Each structure stands twice: as C-alpha cells, then as structure tokens.
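For reference, each letter of the sequence shown is one residue, going 9 to 338 in the working numbering.
As structure tokens, the structure follows; a few thoughts come after it.
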Amino acid sequence: MEQELLGLTDPAAIARAFEDVARVVMGVPVSGGLFYASSAGTVCGLVLADGRRIVVKASRDLHPAAVLGAVRDVQAALAAGGFPAPPPLAGPVPFGRGLAVIDGYRPGGVADAHDPAVRDAMARTLAALVREGGAILAERRRDLAVLALERRPGRPAPGALWGVPHSPIFDLAATHAGAEWIDAVARPAQAVVADPAGERVLGHIDWSVKNLGWDGASAVAVYDWDSLAVAAEPVILGEAARGFTATWELPVEPAPSPEEAAAFVRAYEVARGAPFSSAERRTAAAAALYAAAGIARFEHALTPWPAEYPRGSFRDRLARHGADWFDFGG
9 MEQELLGLTD PAAIARAFED VARVVMGVPV SGGLFYASSA GTVCGLVLAD
59 GRRIVVKASR DLHPAAVLGA VRDVQAALAA GGFPAPPPLA GPVPFGRGLA
109 VIDGYRPGGV ADAHDPAVRD AMARTLAALV REGGAILAER RRDLAVLALE
159 RRPGRPAPGA LWGVPHSPIF DLAATHAGAE WIDAVARPAQ AVVADPAGER
209 VLGHIDWSVK NLGWDGASAV AVYDWDSLAV AAEPVILGEA ARGFTATWEL
259 PVEPAPSPEE AAAFVRAYEV ARGAPFSSAE RRTAAAAALY AAAGIARFEH
309 ALTPWPAEYP RGSFRDRLAR HGADWFDFGG
C-alpha cells in the first residue's frame with residue numbers, strides 16, 4: 009500500500025511523509041509516534057509538539073474527496089453530540105497519490121465479540137449511530153446522497169455478482185475456479201438485497217469489533233468512518249451481523265455462529281425499541297449472507313485450495329450452514 013500511495017518502501021521515508029503532512033496541515037512539528045498500521049489504507053498515530061495526539065489516515069483512490077467530505081461532516085456532528093467518534097481535525101488533503109484525513113486520537117482497547125456483553129454493546133452502539141444519524145440524514149439528505157451504499161466505490165456493476173476488491177491482493181477473476189459454490193450461495197441473496205425492505209438510514213458497513221475501541225465491555229471509540237453509508241436499515245444490520253466478531257488482534261474465530269448472529273439481531277431490535285417485520289428480517293439475513301459470502305470469496309482468493317477451511321472462518325461457516333447460516337425469523 010505504501011508503494012502505491014507514496015511510491016516509497018523505506019520505513020524512514022514513509023515516516024517522514026506522515027510527519028510532513030501532519031506538520032504542514034496542523035502547523036505544529038511532530039514530537040513522537042503512537043502506532044502505525046497498513047491494510048487497504050494506512051493509518052499513523054502521532055504526537056505533536058504541543059502535546060496533541062492525532063491520527064493520520066490515508067488511502068489511494070478508495071474514496072473520492074466528495075465522499076470523504078460528507079463522511080467528515082457526519083463524523084463531526086456525531087462527535088459534537090457525544091457519540092464516541094474521534095473528532096475530525098483536518099482533511100481530506102492531498103497525500104502522495106491519494107488523500108489523507110486527520111482526526112483527534114481516541115484510544116480504546118480490544119475485545120472479543122463472542123462475549124455476549126460485548127456483542128450486545130456493539131448492537132446498542134450501532135442502534136445509537138442509526139438513531140443519531142437519522143437527524144443528520146433528515147437535515148442533509150441531499151448532501152449525503154454521495155454516501156448511498158449502491159454508489160460507494162467497489163460496489164458491483166449492474167449484472168455483476170462482485171465489485172472491485174478494496175485491495176489488489178484479492179484477484180477474484182484469477183481465482184474463480186473452486187469458488188463456484190460460494191457464488192451460488194451469494195447470488196440469490198444479492199437479488200434480495202437489490203430490492204430491500206426497510207427505511208433508509210445512515211449506518212456503518214464494517215461494524216466489526218476491530219473497528220471499535222473498548223474499555224472492558226463498553227465501546228469507547230468507533231473507527232473506520234469511511235465505512236459510513238446510507239442504506240436500508242436491515243441491510244446495515246445484516247452487514248453488521250455477518251462479521252461483528254471479526255478481529256485479527258485476538259486468537260478468536262472471525263465469523264459468528266448462526267446463534268451469535270441471531271442474538272446480535274435480537275439485541276439490536278431491543279436497542280432500537282421496535283421489532284423488524286418479516287420482510288425486513290429476510291432482507292437483513294440476505295444482506296448478512298451476501299456480505300459473508302463476499303468475505304469467503306476473499307478467503308478463497310488468498311488460499312484457493314486449503315486442505316481444510318480454518319475453523320470459524322467465513323468459508324468454514326458457509327460450507328457448514330450454506331444459505332441457512334443467517335436465520336433471523338423472517
């Protein structure tokens with residue numbers, strides 16, 4: 009990612025690039041570092057000479073400036089209202105061959121969402137985001153049209169099953185052989201999601217435990233705000249239910265069991281204060297299945313012919329349960 013974004017491979021040169029953008033944009037030199045991580049984008053925690061702690065997040069071509077600008081507006085409004093979002097400080101600004109944004113540092117620990125207390129906290133926090141985002145969406149619907157899920161970068165073209173992966177390491181075309189069974193499960197679910205039941209809301213489409221910061225079983229920070237999207241509420245819920253357990257920071261199974269996914273949906277219904285209709289639950293289940301099959305397809309792209317699927321992986325769950333993996337009572 010660093011080579012694509014900055015044309016650099018030397019760690020010292022990469023560090024200087026992040027220090028430079030922070031110094032220029034914030035007007036204060038950098039005095040130290042907090043952390044660094046790289047995946048579909050790069051994120052770097054820095055300490056400024058005036059004592060402020062900031063996070064610089066950068067990516068190449070993943071999100072247009074108009075999308076990032078809309079995300080920043082929503083994030084700022086939520087943070088000002090007390091939602092646990094890091095406060096936006098600057099950006100998007102040009103950075104290498106892409107764009108960077110700068111947030112205040114909002115730390116949090118890790119948690120295991122197989123723990124029912126953590127799972128239920130995730131459901132409550134998502135419901136709070138949808139509820140608080142509702143007022144923002146009502147006021148700025150036209151400005152937030154760029155966040156419509158169907159318009160987001162990487163979504164499938166008309167007639168296609170899969171969109172463009174967020175990273176070039178997932179070559180879906182070259183690894184089609186052996187993945188036909190995944191595609192067969194995904195296709196009917198995609199058809200349901202294309203005509204969803206439910207009201208359109210503002211939500212987060214990568215609601216996994218790795219994207220929240222924790223103090224015990226309390227969510228104290230929400231990250232990855234470029235995953236903000238406008239979609240039918242059952243679709244937002246299904247996206248969350250399929251992978252809320254996913255984290256690479258703990259030795260846990262990344263995909264939820266059928267029972268865990270159903271419990272997440274029940275906890276969300278309690279938090280929102282009203283049950284879903286049968287049609288909405290069917291939409292949520294289809295959204296979960298289609299999204300989970302997409303992750304299984306990524307797993308296949310990385311290791312097409314394993315001796316066996318790692319236990320608790322998305323392919324493992326999909327192979328065990330098929331289209332019955334997500335049953336939310338619709």
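We treat Cβ as the ideally placed atom computed from N, Cα and C, and that holds for glycine.
Just so we're clear, the structure is a prediction, and the values are computed from it rather than from any experiment.
Would you mind stating whether residue i and residue j have Cβ atoms separated by less than 8 angstroms?
{"i": "G15", "j": "R114", "result": "no"}
{"i": "W170", "j": "R80", "result": "no"}
{"i": "V217", "j": "A263", "result": "no"}
{"i": "P72", "j": "V230", "result": "no"}
{"i": "R208", "j": "A240", "result": "yes"}
Which residues does DSSP list as the beta-bridge partners of residue i?
{"i": "Y44", "result": "C52"}
{"i": "P96", "result": "D111"}
{"i": "F103", "result": "G106"}
{"i": "A156", "result": "V238"}
{"i": "V38", "result": "L56"}
Assuming residue i is part of the beta strand (DSSP E), what are its boundary residues?
{"i": "A237", "result": "L236 to A240"}
{"i": "S226", "result": "S226 to V230"}
{"i": "W222", "result": "L220 to D223"}
{"i": "G211", "result": "R208 to H212"}
Please go through the same chain and pick out, in chain order, the residues whose beta-carbon is closer than 8 angstroms to the beta-carbon of residue i, but skip the five residues on each side of it.
{"i": "A331", "result": "V193, P196, A197 and L297"}
{"i": "I177", "result": "A309 and L310"}
{"i": "D58", "result": "V36"}
{"i": "V243", "result": "L157, V201, P204, G206, T291, A292 and A295"}
From what residue to what residue does the alpha helix (DSSP H) around residue i run?
{"i": "S286", "result": "S286 to L310"}
{"i": "G142", "result": "P124 to R148"}
{"i": "V82", "result": "A73 to A88"}
{"i": "R61", "result": "From DSSP, R61 is part of no alpha helix (DSSP H) but of the beta strand (DSSP E) over R61 to S67."}
{"i": "L14", "result": "E10 to L14"}
{"i": "E261", "result": "Here E261 belongs to no alpha helix (DSSP H), and DSSP marks it neither H nor E."}
{"i": "Y276", "result": "P266 to R280"}
{"i": "D19", "result": "Looking at the sequence shown, residue 19 is not Asp but Pro. Element bounds for P19: P19 to M34."}
{"i": "A199", "result": "E188 to V201"}
{"i": "F91", "result": "No alpha helix (DSSP H) contains F91, which DSSP labels as neither H nor E."}
{"i": "A327", "result": "F322 to H329"}
Give every residue of the same chain whose Cβ lies closer than 6 angstroms to the Cβ of residue i, excluding the five residues on either side of it in the sequence, and list them in chain order.
{"i": "A294", "result": "A197, V200 and V201"}
{"i": "A248", "result": "L134 and W215"}
{"i": "D324", "result": "Y317"}
{"i": "A98", "result": "V33 and I110"}
Measure the beta-carbon distance from residue i to residue j and round it to whole angstroms, keeping in mind my assumption that it falls under 8 angstroms.
{"i": "V82", "j": "A30", "result": "Their Cβ separation, rounded to whole angstroms, is 23 angstroms, which puts V82 and A30 out of contact at 8 angstroms."}
{"i": "L157", "j": "A287", "result": "Incorrect: roughly 18 angstroms between the Cβ atoms, too far for contact."}
Cutting at 7 angstroms between CB atoms, please list the residues of its own chain near residue i, excluding the five before and the five after it.
{"i": "E10", "result": "L16, T17, I22, S46 and T50"}
{"i": "V117", "result": "The residue asked about is misnamed: residue 117 is Gly in this sequence, not Val. Closer than 7 angstroms at Cβ, skipping near neighbours: G221, W222 and D223."}
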